[in-house]
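Notes follow the structure.
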Amino acid sequence: MNGDGLSLADAVNETCPWSGKPISEDSLTMYKGKTVGFCNPGCRDKFAAAVTHFEAALEAAPKA
């Protein structure tokens with residue numbers, strides 16, 4: 613279990629969605645209530661930045 617209380621056993625994936633490498637205990641995050649793993653903190657942080665960007669874009673988009 614890492615410092616955030618997240619565990620590899622709870623991850624919904626076994627490989628990093630960016631690199632395809634195995635996920636690491638120090639590279640877990642929560643997304644929509646699920647634990648998602650990455651191969652390193654850099655990939656985890658890249659995911660967080662992408663999610664933040666896309667969620668902001670969706671909020672700013674005009675409603676159809």
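For the sequence shown, this note's numbering begins at 613 and goes up steadily by one. We put the CB at the ideal spot given by N, CA and C, even for glycine.
- S639 sits close to N652, with the two beta carbons spaced by under 7 Å.
- When the beta-carbon positions are compared, G649 and I635 come within less than 7 Å of each other.
- In its chain, beyond the 5 residues on either side, V648, R656 have a beta carbon closer than 6 Å to the beta carbon of T641.
- Closest in alpha carbon position to F659, among S631, E637, P674, is S631.
- In this chain, T641 is not harboured by any alpha helix (DSSP H); it is covered by the beta strand (DSSP E) spanning 640 to 643.
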